[in-house]
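2 protein chains.
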Amino acid sequence: MPWSPFRKLTPYADAAKQRGVVVHHLNIGQPDIETPPSVLAAVQQADIRVLEYSPSAGYDSYRRKLAGYYQGVGIDVAAADILVTAGGSEAILFALLSCLNPGDEMIVPEPFYGAYPSFAVAAGVHIVPVTSHIGQDYALPPIAEMERVITPRTRAILICNPNNPTGYVYSRAELEQVRDLCLRHDLFLLSDEAYREFCYDAPYVSALHLAGMDQHVVLLDTISKRYSACGARMGALVTKNQAVAEVAHKFAQMRVSPPGLAQLLGEAATDLPAAYFDGTKAEYHRRRDLLVARLQAIPGVVCPVPSGAFYVMAQLPVDDTVVFAQWLLESFQHEGQTLMISPAAGFYATPGLGRQEARLAYVRNTEVLSQAMTCLEKALAEYPGRTA
Amino acid sequence: MPWSPFRKLTPYADAAKQRGVVVHHLNIGQPDIETPPSVLAAVQQADIRVLEYSPSAGYDSYRRKLAGYYQGVGIDVAAADILVTAGGSEAILFALLSCLNPGDEMIVPEPFYGAYPSFAVAAGVHIVPVTSHIGQDYALPPIAEMERVITPRTRAILICNPNNPTGYVYSRAELEQVRDLCLRHDLFLLSDEAYREFCYDAPYVSALHLAGMDQHVVLLDTISKRYSACGARMGALVTKNQAVAEVAHKFAQMRVSPPGLAQLLGEAATDLPAAYFDGTKAEYHRRRDLLVARLQAIPGVVCPVPSGAFYVMAQLPVDDTVVFAQWLLESFQHEGQTLMISPAAGFYATPGLGRQEARLAYVRNTEVLSQAMTCLEKALAEYPGRTA
């Protein structure tokens, strides 16, 4: 079982803070956006005498309202197609356990969400990476490359769309290529759509928007980012494939029920007006524009414009972003500040890839981002391992 | 992956209710005891702007207070030994994933908690049952029988103490036999102590009270029953074995954090006065006494007196409790009432065992229990499959 790839940096960040240095955390996906007060109020004003188990699949009322939410984004599912989970994390675990047998393989475009390898270990399955490249803005790898790695053990393709860590939003054409591949080889398409609401330039296309894929798609979802409620641990596994739904339901029965208080929160969130997202999306959009503009202005930095989520992947003019990230925390400060970034090696399965790339999250306000970018600019000018 | 063994009865219960029959649910471990209002208030009055991820191991403040709670029950652990989990369920899963490799074996006295086989499937490990018998009040099976089934793949013994479903509380002498066995064969002792607070006649002995076992014990815990907060999904994995703690922590990082709101609840619960348990324990004690007295008064029923938890296992004078449980829902009523019981076959791994036994939970008040016992008495008099 692997450690989180980013854990090694934490002691250096703690040490920097103890020296009085302000560390701007661009390494994590924890937004500073307020959790909607009306949503918290639903929990805080609920009349609860006994906090009982909910049904294993989640409260019926919440599942019905979630179905309404999905209908609102053009995903035609019913309450019965939805299994409420403890965060998107549990949805990922249940999907792997339900769709793959131990020893089976799953194709995943890399760079990918850093926790996927741990879920693969937990479920006893193998990740087969296919590489996206910064030169192509981290677009979907050529479908022929994905087809080439299919073996008799391949059971699924796992995508994250909009993508963490790249911010890339897959186009309908790309998703239709993936669909055709899944149909040709009878593969599941596990689609992690945690960042659905955050598409700035590109239209959002869900795996469940694809015609002919009802029996193949398992959607992995969470309210963590949608409503800035990461700590609630409230997610969903959505599929119209009844055989998969049935197995996933057995895993849900195993742990009796998903978190109860968080379901009240999730249900209240479905009552937010559609305009709620206008505000948060506009805020992230501003942040992205600032972060990308500042990155592109730094000599030697290569940074595609990400169309979604709230991450930027940048290529830095350094020997190794693992070394650089540690140096930022250990040996650098500018006016009492520094920043923490995520070295991209942790997002790749292929050894050696991502050594010059890092992920930066724009989950802090523009003032913080601006200060962090000034730090990065100064740091790259000073860094002894600078390469370009 | 197996279905919950009790799922088949649910449609019959629903149908009975639709016919207007009152179904007394003695089949489930969902107490009617009020969740302490001060504990709910801690969540409901919390000042939350952004519901952020907690640390993967849980909030430090909660872990420190949990350590204090454990110290209070004579378990000498520090905050660092505690991993906060999404219910006891996640603690069970993480323990299996952390202590056993796929294909390894785990010895479990049967009858056992009905979800253990599902966790074993999820973790890819095998349950090796050793049978407890009603004739011995479901005491620990002879240690020689447990030793006989040890193979090179055996890595752990899993016990539930106080026991679900039998209510048996293992004595210190029994636990010391288990300890010696674990030490002789270098096995982990996974100890599910969800019902710690509910010992009526026997003293409670934790696996972590056993000398010399610090490197072997993994305690699986939950606040579900302790504070009647099943829906919170708040548990803990506790171990002084640093290697196990480290691997479990990696699984915790995989799912980022345990439920946040429920941690506030759990933390507030540690502030309840020790006298809190006097009230709930006395209530369950009354219920046990009533249920056991009523069961023992029914001709042909065999019912040991359980010393802990809130379950009774009884042998009924019927052909098959699966058939009888369905008949109770489908074909029987007494003054518009019937009851739902858990056929014990679902608690055994050995095929054919438990066919005359059923588990009855005393999680409803004495009036309900009394009505349910009247139903059972009448039902057994009428049941066509009666055997004695």
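Line order of the protein sequences matches chains A and B. Taking full-length UniProt numbering, the leading residue of the first sequence gets 1, the next gets one more, and so forth. Taking full-length UniProt numbering, the leading residue of the second sequence gets 1, the next gets one more, and so forth. Positions of the beta carbon are idealized from the N, C-alpha and C atoms, including for glycine.
Subject >> the segment 29 to 55 of chain A: positions lying closer than 8 Å to chain B by Cβ >> reply: Flagged, chain order: Gln30, Pro31, Asp32, Ile33, Glu34, Thr35, Leu40, Val43, Gln44, Gln45, Ala46, Ile48, Arg49, Val50, Leu51, Glu52, Tyr53 and Ser54.
Subject >> Element boundaries [beta strand (DSSP E), containing alanine 314 of chain B] >> reply: 311 to 315
Subject >> Test item: CB-CB of leucine 316 of chain A and glutamine 356 of chain A under 7 Å >> reply: yes
Original post:
With respect to the beta strand (DSSP E) encompassing leucine 96 of chain A, which residues constitute its N-terminal and C-terminal limits?
Top reply: Unbroken run through leucine 96 of chain A is the alpha helix (DSSP H), 87 to 99; no beta strand (DSSP E).
Subject >> Any chain B beta carbon closer than 7 Å to serine 370 of chain A >> reply: Among the residues facing chain B, serine 370 of chain A is not included, as its CB has no counterpart in that chain under 7 Å away.
**OP:** Check the Cβ of serine 228 of chain A against every Cβ in chain B and list those closer than 8 Å, keeping chain order.
**Re:** Val50 and Leu51
Original post:
Mapping DSSP to helix, strand and coil, what is isoleucine 134 of chain A?
Top reply: helix
Original post:
How should glycine 167 of chain A be labelled, buried or exposed, when 16 other C-beta atoms within 10 angstroms of its C-beta is the threshold for buried?
Top reply: buried
**OP:** Identify every run of the beta strand (DSSP E) within the segment 195 to 260 of chain B, keeping only runs that are complete inside it and at least 3 residues long; order them along the chain.
**Re:** 217 to 222 and 235 to 239
Original post:
Nearest to serine 38 of chain B by alpha carbon, out of B/Pro273, B/Asp192, B/Glu147 and B/Gln296?
Top reply: B/Pro273
**OP:** Indicate whether at least one CB of chain B lies closer than 7 Å to the CB of glutamine 253 of chain A.
**Re:** yes
**OP:** Anything in the segment 219 to 251 of chain B with a Cβ closer than 7 Å to a Cβ of chain A? List those residues in chain order, please.
**Re:** Ser228, Ala229, Cys230, Gly231, Ala232, Arg233, Val247, Lys250 and Phe251
Original post:
DSSP state of leucine 40 of chain A, grouped into three classes?
Top reply: Leucine 40 of chain A falls in the helix class under three-state DSSP.
Subject >> Helix, strand or coil at arginine 287 of chain A [DSSP, three-state] >> reply: helix
Subject >> Boundaries (first-last residue) of the alpha helix (DSSP H) holding serine 61 of chain A >> reply: 60 to 72
Original post:
Under a CB-based cut-off of 7 Å, is residue 389 of chain B close to chain A?
Top reply: A query on residue 389 of chain B cannot be resolved here, the shown segment of chain B reaching from 1 to 388 and no further.
Original post:
Alpha carbon to alpha carbon, how far is valine 363 of chain B from phenylalanine 310 of chain B?
Top reply: 7 Å
Original post:
Within this structure, are the beta carbons of valine 238 of chain B and aspartate 32 of chain B separated by less than 7 Å?
Top reply: no
**OP:** State buried or exposed for proline 162 of chain B, treating a residue as buried only when at least 16 other CB atoms are found within 10 Å of its CB.
**Re:** Burial call: buried.
Original post:
Hey, would you say cysteine 182 of chain A sits closer than 7 Å to histidine 126 of chain A, going by beta carbons?
Top reply: no
Subject >> Buried or exposed by the 16-neighbour rule on C-beta atoms within 10 Å, applied to asparagine 27 of chain B >> reply: buried
Original post:
Using a Cβ cut-off of 7 Å, which residues of the segment 297 to 316 of chain B contact any Cβ in chain A, in chain order?
Top reply: Against chain A - using a Cβ distance shorter than 7 Å - the segment 297 to 316 of chain B contributes no residues.
Original post:
Looking at C-beta atoms only, is the number of pairs between the segment 246 to 257 of chain B and the segment 94 to 102 of chain B that lie closer than 8 Å three or more?
Top reply: With three or more CB-CB distances shorter than 8 Å, the segment 246 to 257 of chain B counts as touching the segment 94 to 102 of chain B.
Original post:
valine 22 of chain A bridges to which residues according to DSSP?
Top reply: Partner(s): A/Gln337.
Original post:
Near glycine 300 of chain B, what residues of its chain come up, given a Cβ to Cβ distance below 6 Å and the 5 sequence neighbours on each side ignored?
Top reply: Pro317 and Ala388
Subject >> Residues near arginine 7 of chain A by beta carbon distance below 8 Å, same chain, minus five either side >> reply: Excluding residues within five positions, none has a Cβ falling inside 8 Å.
**OP:** Enumerate in chain order the residues of its own chain whose CB-to-CB distance from alanine 122 of chain A is below 7 Å, with the five nearest sequence positions on each side excluded.
**Re:** Leu93
**OP:** Determine the extent of the alpha helix (DSSP H) in which cysteine 160 of chain A is found, giving its start and end residues.
**Re:** That residue, cysteine 160 of chain A, is in no alpha helix (DSSP H); its beta strand (DSSP E) goes 154 to 160.
**OP:** Have a look at A/Phe198, A/Met146 and A/Tyr200 and flag the residue whose alpha-carbon is nearest the alpha-carbon of leucine 175 of chain A.
**Re:** A/Met146
**OP:** Determine which residues of the segment 108 to 131 of chain A have a Cβ less than 7 Å from any Cβ of chain B, and write them out in chain order.
**Re:** So the list reads Ala115, Ser118, Phe119, Ala122 and Gly124, given in the order they occur along the chain.
Subject >> CB of leucine 220 of chain A within 7 Å of CB of aspartate 192 of chain A, strictly >> reply: yes
Original post:
So, are the CB atoms of isoleucine 75 of chain A and serine 206 of chain A less than 7 Å apart?
Top reply: yes
**OP:** Output, in chain order, the set of chain B residues within a Cβ distance shorter than 8 Å of glutamate 330 of chain A.
**Re:** Simply none; closest approach about 22 Å.
Original post:
Which residues in the same chain as histidine 334 of chain A place their Cβ atom closer than 6 Å to its Cβ, once the five residues preceding and following it in sequence are excluded?
Top reply: Cys375 and Lys378
Subject >> Spatial distance of aspartate 278 of chain A from proline 2 of chain A (CA atoms) >> reply: 38 Å
**OP:** Locate the alpha helix (DSSP H) running through proline 117 of chain B, then write down its first and last residues.
**Re:** 116 to 123
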